[in-house]
Amino acid sequence: MQITIDEIMSVLEHRYPFLMIDKITDFEYGKFVEAVKNVSVNEPWSQGHFPGKPIYPGAMIIESAAQAGGFIFYNKDDEEKKRGGMLVKVGNFKFVKVVRPGDQLVIRTELVDQIGNYVTVRVKATVDGKKVAEGEETYVVGC
């Protein structure tokens, strides 16, 4: 199942320049979310990180993953589950390759644990099939 940018914007309150996913390409309720972020030189961060050699900041990768992973319990047909989650914890993130303008960042989040409304996911971010970052994020869902 795919989720379009219009549907993403109906759930997330983020807007430019803080909307950091372009679409959800695959999704299974309660199991995983896969999203895409098209990294552009036209985004504000590229002017200062770093001038002449822009690199998508690691904090932005974490935020892109947070916006994607918050959809793990999203259900557009159920009013109570129509909202995403809110990031409450980030753990063990490692950045192994740089992400540059022109790259398509693919973010996959998979459910690791759930205790009540708290959900922990494993994050793997790739560009051209090669891992660029990985870690864990915890959300409170349905908020």
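Residues are numbered in the working numbering as their position in the sequence shown, beginning at 1, plus a constant of 1. Every residue gets a Cβ at the ideal spot worked out from N, C-alpha and C, and that includes glycine.
Taking C-beta atoms under 8 Å as the contact rule, residue 113 and residue 123 qualify, at a distance of about 5 Å. Judged by DSSP secondary structure, residue 87 falls within the beta strand (DSSP E) whose first and last residues are 86-96.
Within the same chain, Cβ atoms closer than 8 Å to the Cβ of residue 19 are found at 64, the five residues on either side in sequence being excluded.
If you draw a straight line from the Cα of residue 76 to the Cα of residue 53, it is about 42 Å long.
Closest in C-alpha terms to residue 135, from the list 98, 7, 9, 2, comes 98.
For the options 66, 89, 101, the alpha carbon positioned closest to that of residue 126 is the one of 66.
The alpha-carbon separation between residue 11 and residue 142 amounts to approximately 16 Å. Taking residue 62 as reference, the option from 28, 89, 103, 95 with the minimal CA-CA separation is 95. Here DSSP, grouped into helix, strand and coil, assigns residue 114 to strand. In terms of Cβ geometry, residue 48 and residue 13 do not form a close pair [threshold 8 Å]. Sequence-distant Cβ neighbours of residue 109 in its own chain, meaning closer than 7 Å and more than five residues away, are 33, 35, 125.
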